[in-house]
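K.L.:
Handing you this structure, nothing more for now.
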Amino acid sequence: MPQTKSRKKDLRQARARRQRNIKIKRAYRAAVRAARQTGDAGAPEVAQAYKALDKAAKTSVLHPRAAARRKSRLMKALHRAQSQKAQS
371 MPQTKSRKKD LRQARARRQR NIKIKRAYRA AVRAARQTGD AGAPEVAQAY
421 KALDKAAKTS VLHPRAAARR KSRLMKALHR AQSQKAQS
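Residue numbers (the working numbering): 371 to 458.
In structure tokens:
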């Protein structure tokens, strides 16, 4: 455990940041999961997933390139699902 005042404050801040980061991380994961389940690239869940990923990137929870990669893979999967649905 920290001994000095500044280290104690730093620990408090780190715990608060961790809680905030976990909340943002859960939000984007849930949004991406919901978007994948729709199977439709034009669904409102996809917009929510994009918004959650952008927020995670903006707040440095997720690297901006990682967010872009996740968005790209999400759309690729949704387009693939739509084309398979259309062929059936």
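No residue lacks a Cβ here, since even glycine has one placed at the ideal position from N, Cα and C. Every value quoted in this text rests on a predicted model; they were computed, and no experiment measured them.
Just the C-alpha distance for A447 and Q373, rounded to the nearest angstrom, thanks.
P.N.:
51 Å
K.L.:
Sorted by chain position, which residues of the same chain lie with C-beta nearer than 6 Å to Y398's C-beta, five sequence neighbours on each side aside?
P.N.:
A422, L423, A426
K.L.:
Measuring only the C-alpha atoms, how far is V416 from K455?
P.N.:
18 Å
K.L.:
Locate the alpha helix (DSSP H) running through V431, then write down its first and last residues.
P.N.:
Unbroken run through V431: none, as it is neither H nor E.
K.L.:
Taking three-plus beta-carbon pairs below 8 Å as touching, is the region 389 to 397 in contact with the region 426 to 438?
P.N.:
yes
K.L.:
Between the Cα of R403 and those of R377, A419, R439, spot the shortest distance and give me the residue it belongs to.
P.N.:
A419
K.L.:
Is it buried or exposed for L381, if we count other Cβ within 10 angstroms and need 16 for buried?
P.N.:
exposed
K.L.:
Which whole-angstrom value is the C-beta distance of H449 and A405, which I expect to be below 8 Å?
P.N.:
Contact flag wrong, Cβ pair sits at about 12 Å.
K.L.:
Look at the Cβ atom of G409, then the Cβ atom of Q457, and state whether they are nearer than 8 Å.
P.N.:
no
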